[in-house]
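Participant: Under the numbering used here, the first residue of the sequence shown carries the number 125, and numbering increases by one thereafter.
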Amino acid sequence: MPRKVNTAARPVIGPPQALISRIDHLRDLLCNLPSALPENLTHSLYNFLMDPEILKEGGHFSAVSHALEISFETHLLRLQGRTMVFTEHGTRLDTLVKLLKMGVKHMSPGERTTFQEAWLERLITAAADSGARIPSKKGKGGAQETSKAADDVPAAKKCKTVAVIDVDDDSVPNNSTAVVQTMPHAATPSVSRPSASGAVIIEIDDDSEPEDTPTVPQTLLPAATPSTSAHPATSGAIVGNPKQSTLGSFGWQKAKPGEVVAYWAKAREAGAEKREKELAIHKKKAENQKERERDLARIRKQRQRKKERQGKPTKSEKKLDATALLMQGADAAAHGSSTIPDVASLSHPATQGWKKYRRGTQGGAVQGKAQKVFWFDPFLWAIIEPAVRRHGWSAEAMVKALCHKHPVLFDGPNNKFHRSTLWNQRSLAGSGRTGILTPHPEIVEEIVKTLKGLRVSGCVVNVHIARSVMIAIIGKCRSQLLDVFSCSENYVHQFLDSTLNWTTCQATRAAKKIPENASELCERTFFRLAHAIEHQDIPAKLIINYDQTGVYIRPNSSQTFEVRGSKQVLVLGNGKKRAYTLGIATTPEGPLPLEQVWSGASPGSLPTTKADGYREAQDCGFHFTFANSKK
Numbered sequence: 125m126p127r128k129v130n131t132a133a134r135p136v137i138g139p140p141q142a143l144i145s146r147i148d149h150l151r152d153l154l155c156n157l158p159s160a161l162p163e164n165l166t167h168s169l170y171n172f173l174m175d176p177e178i179l180k181e182g183g184h185f186s187a188v189s190h191a192l193e194i195s196f197e198t199h200l201l202r203l204q205g206r207t208m209v210f211t212e213h214g215t216r217l218d219t220l221v222k223l224l225k226m227g228v229k230h231m232s233p234g235e236r237t238t239f240q241e242a243w244l245e246r247l248i249t250a251a252a253d254s255g256a257r258i259p260s261k262k263g264k265g266g267a268q269e270t271s272k273a274a275d276d277v278p279a280a281k282k283c284k285t286v287a288v289i290d291v292d293d294d295s296v297p298n299n300s301t302a303v304v305q306t307m308p309h310a311a312t313p314s315v316s317r318p319s320a321s322g323a324v325i326i327e328i329d330d331d332s333e334p335e336d337t338p339t340v341p342q343t344l345l346p347a348a349t350p351s352t353s354a355h356p357a358t359s360g361a362i363v364g365n366p367k368q369s370t371l372g373s374f375g376w377q378k379a380k381p382g383e384v385v386a387y388w389a390k391a392r393e394a395g396a397e398k399r400e401k402e403l404a405i406h407k408k409k410a411e412n413q414k415e416r417e418r419d420l421a422r423i424r425k426q427r428q429r430k431k432e433r434q435g436k437p438t439k440s441e442k443k444l445d446a447t448a449l450l451m452q453g454a455d456a457a458a459h460g461s462s463t464i465p466d467v468a469s470l471s472h473p474a475t476q477g478w479k480k481y482r483r484g485t486q487g488g489a490v491q492g493k494a495q496k497v498f499w500f501d502p503f504l505w506a507i508i509e510p511a512v513r514r515h516g517w518s519a520e521a522m523v524k525a526l527c528h529k530h531p532v533l534f535d536g537p538n539n540k541f542h543r544s545t546l547w548n549q550r551s552l553a554g555s556g557r558t559g560i561l562t563p564h565p566e567i568v569e570e571i572v573k574t575l576k577g578l579r580v581s582g583c584v585v586n587v588h589i590a591r592s593v594m595i596a597i598i599g600k601c602r603s604q605l606l607d608v609f610s611c612s613e614n615y616v617h618q619f620l621d622s623t624l625n626w627t628t629c630q631a632t633r634a635a636k637k638i639p640e641n642a643s644e645l646c647e648r649t650f651f652r653l654a655h656a657i658e659h660q661d662i663p664a665k666l667i668i669n670y671d672q673t674g675v676y677i678r679p680n681s682s683q684t685f686e687v688r689g690s691k692q693v694l695v696l697g698n699g700k701k702r703a704y705t706l707g708i709a710t711t712p713e714g715p716l717p718l719e720q721v722w723s724g725a726s727p728g729s730l731p732t733t734k735a736d737g738y739r740e741a742q743d744c745g746f747h748f749t750f751a752n753s754k755k
């Protein structure tokens with residue numbers, strides 16, 4: 125059964141084509157406004173944008189109307205007695221066309237009809253009144269098509285130009301004349317037709333306006349000369365056989381099949397040759413640059429070797445150079461200046477009076493010469509202060525300038541160490557102090573011997589192991605010291621640094637992450653336990669809270685104390701753990717005995733009954749067992 129075809133007309137969603145055509149016609153008019161109008165004025169009233177508030181409240185019709193009223197000042201047209209015209213041309217008018225198309229797209233059918241009558245036709249008339257003219261377009265059959273006028277003004281009659289060409293071979297070219305006649309013509313184009321006298325009449329359409337059609341003065345036309353041919357000469361005949369010029373008239377010829385291939389082959393060869401030349405030039409430049417750098421490096425090396433052979437004298441050598449001293453004295457004598465023997469003593473004038481009377485015995489102790497210069501002395505500070513201001517409180521620049529300008533006065537102030545050296549220099553070097561253990565050298569010797577023995581055997585020595593060793597030795601030798609001495613980790617660090625010159629770096633270790641809903645999870649667990657205990661009637665002695673933890677007998681670490689600056693740090697048994705599992709269980713009725721779980725599969729892995737403290741552990745309720753596992 126054939127499928128039924130729905131022949132009902134579909135509803136029109138967008139604006140009608142007639143409305144869009146009128147908007148396009150307005151666009152063509154705006155594109156052809158007279159060039160005499162200003163273009164894109166700086167202070168222009170043309171702001172074709174829709175107000176968001178009006179668009180939200182009244183819709184697109186109200187928003188577009190409001191934008192047009194503001195741009196063209198329609199509220200002043202009636203008061204001033206003038207019509208709406210366009211005062212400029214440019215890109216802002218393209219925005220106007222976009223605004224109109226966007227507005228009619230969202231308007232209702234009634235609003236579109238009102239908009240076309242109230243605004244669109246009015247804008248078209250304003251464009252025509254402003255001098256907009258759409259140029260003609262060439263048709264298919266060679267005729268000229270003109271655009272319809274925007275308003276209802278009847279079109280004026282067009283004119284055509286008729287050229288009469290005499291094709292008679294007997295006509296005399298020198299005596300032939302051409303007459304051009306302008307006359308009205310119909311809408312349909314006319315073609316060439318032969319005349320009765322053998323001449324060809326060609327009618328040429330003139331698309332210009334009637335008022336713009338030029339008139340040829342009679343004086344510009346040459347007078348007709350009677351023809352000597354047998355046929356009567358027609359007035360206005362053009363002698364010759366004129367025809368349209370082509371590309372062949374200028375020497376152009378169609379390429380042959382082989383010429384195209386040869387042309388492109390030649391072009392490729394030329395391109396390849398050009399690239400080869402460029403590569404050669406680039407390669408030569410690179411070689412020249414490399415040779416230049418090699419020459420510069422050779423020159424620098426020669427200068428360096430020359431300086432090494434000459435040898436640069438040190439400051440002490442300069443001071444002890446007798447020739448330099450003699451030359452300096454000669455220069456000073458020549459310039460009439462005297463050298464200053466002791467700047468430090470002169471900078472302390474108050475001490476010079478009583479120091480010279482201290483000669484020993486009854487006269488008092490002999491006072492030595494001043495070693496440090498008092499730079500704030502008036503005769504020195506008067507020179508230092510301008511240098512401070514000139515160099516912006518830069519110590520290095522200030523000292524350099526003063527030493528250069530006054531070498532005798534300011535020969536002493538120079539940096540003995542570089543800034544990085546001073547920064548890295550330890551303020552408190554290891555001095556061997558041990559605090560409370562100073563009166564007990566035998567304890568210090570025993571601790572040092574034990575810690576060194578552990579390091580020689582390759583064991584890890586960290587702060588915990590060192591503290592355990594120190595507490596054990598102190599408790600064995602002088603246990604009463606532990607009553608007032610806790611042997612803190614800070615003290616252990618200071619002891620190892622000052623006594624053994626050992627140092628370490630604490631490794632950064634990521635802590636275990638706690639989930640964000642930890643409190644919620646704990647609350648859920650609590651309610652589950654309460655529900656099970658209540659509804660299953662579980663007795664208190666069977667509610668056991670059990671936890672286990674690993675206890676290291678010898679803590680492992682990848683770091684150990686060693687002599688400062690050691691290149692190789694050997695560690696023995698770092699991958700093996702020495703630990704047991706401690707199980708701790710409690711019930712609401714009371715705690716349960718502690719449980720030690722040792723790795724192993726037999727009682728041989730447990731502490732023997734003769735081990736120190738075994739009986740005390742049993743009295744405290746410890747229970748020893750083995751894990752019976754591989755680990």
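For glycine and all other residues, C-beta sits at the position ideal for the given N, C-alpha and C. These numbers were taken from a predicted model, which means no experiment stands behind them.
(1) Can you look up Pro-176 in the DSSP assignment and give me helix, strand or coil?
(2) Use the C-beta contact count for Tyr-826: other C-beta atoms within 10 angstroms, 16 or more gives buried, fewer gives exposed.
(3) Grouping DSSP H, G and I as helix and E and B as strand, with all else coil, what is Pro-158?
(4) Looking at the secondary structure, which residues open and close the beta strand (DSSP E) in which His-617 lies?
(5) Taking the alpha carbon of Leu-718 as the point to measure from, which residue in Ala-709, Glu-397, Leu-247, Ala-725 has its own alpha carbon closest?
(6) Classify Tyr-670: buried if its beta carbon has 16 or more other beta carbons within 10 angstroms, exposed otherwise.
(7) Pairing CB atoms from the stretch 139-159 with CB atoms from the stretch 218-225, are three or more of them under 8 Å?
(8) Pairs of beta-carbons, one from the stretch 229-237 and one from the stretch 199-215, closer than 8 Å: are there three or more?
(9) So the candidates are Ala-664, Arg-216, Phe-196, Ala-142; which of them puts its Cα closest to the Cα of Leu-247?
(10) CA-CA distance, Lys-496 and Gly-516?
(11) Quick check: what's the CA-CA separation for Cys-646 versus Ile-571?
(12) What first and last residue would you give for the alpha helix (DSSP H) that runs through Val-768?
(13) Whose C-beta lies closer than 6 Å to the C-beta of Arg-739 among residues of the same chain, with five residues either side of it excluded?
(14) According to DSSP, Glu-686 sits in a beta bridge with which residue or residues?
(15) May I ask you to report which of helix, strand or coil DSSP gives Pro-715?
(16) Under three-state DSSP, which class holds Arg-422?
(17) Take Gln-720 and list the residues in its own chain whose beta-carbon comes closer than 7 Å to its own, dropping the five residues that flank it on each side.
(18) My output table needs one value for Leu-706: the three-state DSSP class, helix, strand or coil.
(19) Residues in the same chain with beta-carbon distance under 7 Å from Ile-567, minus the five sequence neighbours each way, listed in chain order, please.
(20) Which first and last residues belong to the alpha helix (DSSP H) in which Gly-234 is found?
(21) Is the beta carbon of Ala-252 closer than 7 Å to that of Asn-156?
(22) Distance check for Gln-618 and Val-532, CA to CA, integer angstroms please.
(23) So what does Asn-412 bridge to, in DSSP terms?
(24) Taking only three categories from DSSP, how would you classify Ile-507?
(25) When the distance is taken between beta carbons, is Glu-613 closer than 7 Å to Lys-665?
(26) Once you ignore the five residues that flank Ile-662 on each side, which residues in its own chain have a CB closer than 8 Å to its CB?
(27) Decide yes or no for the touch test of the stretch 678-696 against the stretch 578-595: beta carbon pairs closer than 8 Å, at least 3 of them.
(28) Our contact map puts Ala-191 next to Met-174 with C-beta atoms below 8 Å; I'd like the distance itself, whole angstroms only.
(29) For Phe-374, which of helix, strand or coil comes out of DSSP?
(30) Tell me whether Asn-298 is buried or exposed, calling it buried when 16 or more other Cβ atoms sit within 10 Å of its Cβ.
(31) Work out the CA separation of Tyr-170 and Glu-245 for me, nearest whole Å.
Facilitator: Answer, in terms of the structure:
(1) In the displayed model, Pro-176 falls within a helix according to three-state DSSP.
(2) With the chain represented from 125 up to 755, any question about residue 826 goes unanswered, as that position is not in the structure.
(3) Under the three-state reduction of DSSP output, Pro-158 falls in the coil class, being neither helix nor strand.
(4) Annotation for His-617: no beta strand (DSSP E) segment contains it, though the alpha helix (DSSP H) segment containing it runs 613-623.
(5) Checked all of Ala-709, Glu-397, Leu-247, Ala-725; the closest Cα to Leu-718 is Ala-709.
(6) By the neighbour-count criterion, in which 16 or more other beta carbons inside 10 Å mark a residue as buried, Tyr-670 falls on the exposed side.
(7) Using a Cβ-Cβ distance cut-off of 8 Å, the stretch 139-159 and the stretch 218-225 are in contact, since at least three pairs of beta carbons, one from each stretch, lie closer than that value.
(8) At 8 Å Cβ cutoff, the stretches do not touch.
(9) Ranking Ala-664, Arg-216, Phe-196, Ala-142 by Cα distance to Leu-247 puts Phe-196 first.
(10) Straight-line measurement puts the Cα of Gly-516 at about 25 Å from the Cα of Lys-496.
(11) If you take the alpha carbons of Cys-646 and Ile-571, they lie about 48 Å apart.
(12) This structure cannot settle anything about residue 768, because the visible part of the chain is limited to 125 through 755.
(13) Excluding sequence neighbours, Arg-739 sits near nothing in its chain.
(14) Residue pairing by DSSP places Glu-686 opposite Thr-627 in a beta bridge.
(15) Under the three-state reduction of DSSP output, Pro-715 falls in the strand class.
(16) Reduced to three states, the DSSP call for Arg-422 is helix.
(17) Closer than 7 Å at the Cβ level, and outside the excluded window around Gln-720, lie Tyr-704, Leu-706, Phe-746, Phe-748.
(18) Here Leu-706 sits in strand by DSSP.
(19) Residues Leu-561, Ile-597, Ile-598, Cys-601, Arg-602 of the same chain have their beta carbon placed closer than 7 Å to that of Ile-567, with the five preceding and five following residues left out of the count.
(20) Gly-234 -> alpha helix (DSSP H) spans 233-239.
(21) It is not a contact, given that the beta carbons lie outside the stated cut-off.
(22) The alpha-carbon atoms of Val-532 and Gln-618 are separated by roughly 47 Å.
(23) Asn-412 is not bridged by DSSP to any residue.
(24) DSSP places Ile-507 within a helical segment (H, G or I) once states are collapsed to three.
(25) It is not a contact, given that the beta carbons lie outside the stated cut-off.
(26) Around Ile-662: Ala-656.
(27) With the cut-off at 8 Å, the stretch 678-696 and the stretch 578-595 touch.
(28) Contact between Ala-191 and Met-174 holds, since their C-beta atoms are separated by about 6 Å, short of 8 Å.
(29) Reduced to three states, the DSSP call for Phe-374 is helix.
(30) Annotation note: pLDDT 43 at Asn-298 (below 50); position unreliable, coordinate value reported separately. Under this definition Asn-298 is an exposed residue.
(31) If you take the alpha carbons of Glu-245 and Tyr-170, they lie about 19 Å apart.
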